[in-house]
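Visitor:
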Amino acid sequence: AVRCPASVEAFVPSLAGQQRPSSASFSLSSTVSPTPKSVGSNAADDNGEDTKDINAANELDLDAEFDPEHMARDPSAEAAAARNRGKRNDKRKGEEDPSHQQQQHHENDIDLKKYKSIVEFNEELDKLAKRCLDNRPGGGEDVIGLAALAEGMLHRLQHLVRDADSEGDWAAVDHIIRPDVVTVNTVINAWSKAAYSLAEGRGRGTLQTTMDTNMMEINVYTPSDAASRAMAILKEMEMAYLRGETDIAPDTTSYNSVVDALAKSRGGDAATKARALVDRMIHLSNGGEDGKDGVVNGSAELWAKVSPDTVTYNSLLENLAHSPEGLDSALEILATLEEKYDETGDKRIKPNIRTVNQVINSYAKHSANLSTKGYYKTKEEVEEAWNLAEKARTLLDNMKQRYEETGDDDFKPDAA
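Residue numbers (the working numbering): -5 to 410.
1) So within the segment 300 to 386, which uninterrupted alpha helix (DSSP H) runs reach at least 4 residues, ignoring any that extend past its ends?
2) Would you mind reading off the limits of the alpha helix (DSSP H) that contains residue 137?
3) Can you pull the DSSP bridge partners for residue 198?
4) DSSP state of residue 239, grouped into three classes?
5) For the structure I just gave you, are there three or more beta carbon pairs, one from the segment 171 to 182 and one from the segment 227 to 247, closer than 8 Å?
6) Assign residue 318 to buried or exposed, taking buried as 16 or more other Cβ atoms, counted over all protein chains shown, within 10 Å of its Cβ.
7) Between the C-alpha atoms of residue 205 and residue 211, what's the straight-line distance to the nearest angstrom?
8) What's the call for residue 403, buried or exposed, on a 16-neighbour Cβ count within 10 Å?
9) Could you check which residue in 352, 327, 237, 344 has the C-alpha nearest to that of residue 409?
10) Nearest-angstrom Cα distance between residue 123 and residue 399?
11) Going by other Cβ atoms of all chains shown within 10 Å of its Cβ, with 16 needed for buried, is residue 217 buried or exposed?
12) Helix, strand or coil: which one does DSSP assign to residue 170?
13) Confirm, please, whether the CB-CB distance from residue 203 to residue 136 is below 8 Å.
14) What are the boundary residues of the alpha helix (DSSP H) that includes residue 271?
15) Applying the criterion that 16 or more other CB atoms from any shown protein chain within 10 Å of the CB defines a buried residue, is residue 309 buried or exposed?
16) How should residue 208 be labelled, buried or exposed, when 16 other C-beta atoms within 10 angstroms of its C-beta is the threshold for buried?
17) Mind checking whether residue 311 and residue 349 have CB atoms under 8 Å apart?
18) Residue 243: which of 271, 256, 291, 185 sits nearest, CA to CA?
19) Can you tell me which of 346, 194, 304 puts its alpha carbon nearest to the alpha carbon of residue 259?
20) Exposed or buried, residue 376, counting other C-beta atoms within 10 Å across all chains shown (16 or more means buried)?
21) Span of the alpha helix (DSSP H) holding residue 410?
22) Confirm, please, whether the CB-CB distance from residue 407 to residue 347 is below 8 Å.
23) Using the C-alpha atoms, what's the distance from residue 302 back to residue 285?
24) So, with DSSP's three-state summary, where would you put residue 399?
25) So, at 6 Å on beta carbons, what are the nonlocal neighbours of residue 264 in its own chain, with the 5 sequence-adjacent residues on each side left out?
26) Near residue 382, what residues of its chain come up, given a Cβ to Cβ distance below 7 Å and the 5 sequence neighbours on each side ignored?
27) For residue 184, which residues of its own chain have a beta-carbon under 8 Å away from its beta-carbon, when the five flanking residues on both sides are left out?
28) What three-state label does DSSP hand residue 391 in the structure shown?
29) List the endpoints of the continuous alpha helix (DSSP H) containing residue 249.
30) Distance check for residue 274 and residue 336, CA to CA, integer angstroms please.
31) Under 7 Å Cβ to Cβ from residue 298, same chain only, skipping five residues before and after it: list those, please.
32) From residue 170 to residue 228, what distance separates their C-alpha atoms?
33) May I ask you to report which of helix, strand or coil DSSP gives residue 186?
34) Would you tell me roughly how many angstroms separate the C-alpha atoms of residue 372 and residue 384, rounded to the nearest one?
35) Look at the alpha carbon of residue 341 and the alpha carbon of residue 396, and state the distance between them as a whole number of angstroms.
36) Select from 253, 282, 281 the residue whose C-alpha is nearest the C-alpha of residue 271.
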């Protein structure tokens, strides 16, 4: 029996000790498949005729993707059980600790007037977002409550501004702080981090740390729920700007945070939603909404800042790595990025070591799907697993060679 080299064995551990089949060399280009068709279908929003064209853009069912009133639910028994546990825990807290609502969780009563600038307010939101990672020693953070608090603070500030503007209270208007795109992005990021913590099995809080949050109203129990919440906030910002109701325009970071939230949630339909969202970014940045009914801000010039970048595609590749059919799409994206960067030199879409790492991860996931409990039953499965490992190593070797030739740290292989 031939023992696998260490790097390959780490990639496909079950190949250790199995006979390596003879095979011809494979090139990366031979695995590239055509770009998958866009997902979704035309759908009208419930907000009236003026928004039909907006929501039908790019043939994406944005109502299904984003609607905060009908957030995507994971139909699995595990998700249902998680929701039921959350409801029981809410009831149990009230029974076991009558003072629960009197605890320190009255952070909900934060006085917005104490913030002298939007920078201070955004810093407070960022502190909440960072706590949503729940990665401090001891952990025990209630990440759903923290993210919900951040979102609640945003909505309260928005209402305060809206009321001051509508009442014509110019003295208040002159002194009030106003949310900006960083404010909204930070709240989206809080839900993204919450999705990651929940997917990692932490962030549920303890009796001492759980916040006074109405879980039935928030309706977030699973990582996919948290990602859907981030998506709903993005849709609200996008639609309001398209209609001219606000001057807060989404940027690439807004969309990247949601694509990342989907990746971290590891939901069964996360890759499909992420691909649709990237298509939406391309659609908007090309002026796809310009001239449609109800659209005030739709020109390509206004939406140029949402054009996908390397971070976007890296997060999309992470989504694809968790998708059974994601390998071909991942290879196609990598090939396209390399081609476009070589042609244009555009650093916004420059592939880097993380790009390659995500494609290697897709190879690993695809190889693992071939096995049964870590072992391959047939010669064909062993042969395909070896081929996948070789292609992954070729990608890594190419990146290493590129780094040696250019000295560019973006190409430098890392521990991942």
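Ideal Cβ positions, reconstructed from N, Cα and C, are used throughout, including at glycine. The structure displayed is predicted, hence computed values, not measured ones.
Guide: If we stick to the structure as given:
1) Runs found: 304 to 315, 320 to 338, 347 to 364.
2) Start and end: 137 to 161.
3) For residue 198, DSSP records a beta bridge to 136.
4) Residue 239 falls in the coil class under three-state DSSP.
5) The segment 171 to 182 vs the segment 227 to 247: in contact.
6) It is exposed - the Cβ of residue 318 has fewer than 16 other Cβ atoms within 10 Å.
7) Cα-Cα distance, rounded: 14 Å.
8) Residue 403 sits exposed, since fewer than 16 C-beta atoms from the chains shown fall within 10 Å of its C-beta.
9) Just measuring C-alpha positions, the residue of 352, 327, 237, 344 sitting nearest residue 409 is 352.
10) Going from the Cα of residue 123 to the Cα of residue 399 covers about 40 Å.
11) In summary, residue 217 is buried, with 16 or more beta-carbon neighbours lying within 10 Å of its beta-carbon over all protein chains present.
12) Coil.
13) Cβ atoms of residue 136 and residue 203: closer than 8 Å.
14) Secondary structure note for residue 271: its alpha helix (DSSP H) is the uninterrupted segment 264 to 279.
15) By the neighbour-count rule (16 or more Cβ atoms within 10 Å), residue 309 is buried.
16) Answer is exposed; the Cβ neighbour count stays below 16.
17) Cβ atoms of residue 311 and residue 349: closer than 8 Å.
18) Ranking 271, 256, 291, 185 by Cα distance to residue 243 puts 291 first.
19) Selected option, being the one with the closest Cα: 194.
20) Residue 376 should be labelled buried.
21) No alpha helix (DSSP H) holds residue 410; DSSP gives it neither H nor E.
22) In contact: residue 347 and residue 407 (Cβ atoms closer than 8 Å).
23) Our two residues, residue 285 and residue 302, have alpha carbons roughly 22 Å apart in a direct line.
24) When DSSP states are grouped into helix, strand and coil, residue 399 belongs to the helix group.
25) Same-chain partners within the cutoff: 256, 313.
26) Hits under 7 Å: 357, 360, 361.
27) Same-chain partners within the cutoff: 119, 122, 123, 126, 140, 141, 144, 145.
28) In the structure shown, the three-state DSSP call for residue 391 is helix.
29) Residues 246 to 259.
30) Distance between the alpha carbons of residue 336 and residue 274: 25 Å.
31) Listed in chain order, the non-local C-beta contacts of residue 298 below 7 Å within the same chain comprise 279, local neighbours out to five positions each way being set aside.
32) Rounded to the nearest angstrom, the two C-alpha atoms are 24 Å apart.
33) Look at residue 186 here: in three-state DSSP terms it is helix.
34) Residue 372 and residue 384 have their C-alpha atoms roughly 19 Å apart.
35) The alpha-carbon atoms of residue 341 and residue 396 are separated by roughly 16 Å.
36) Nearest to residue 271 by C-alpha distance, out of 253, 282, 281, is 253.
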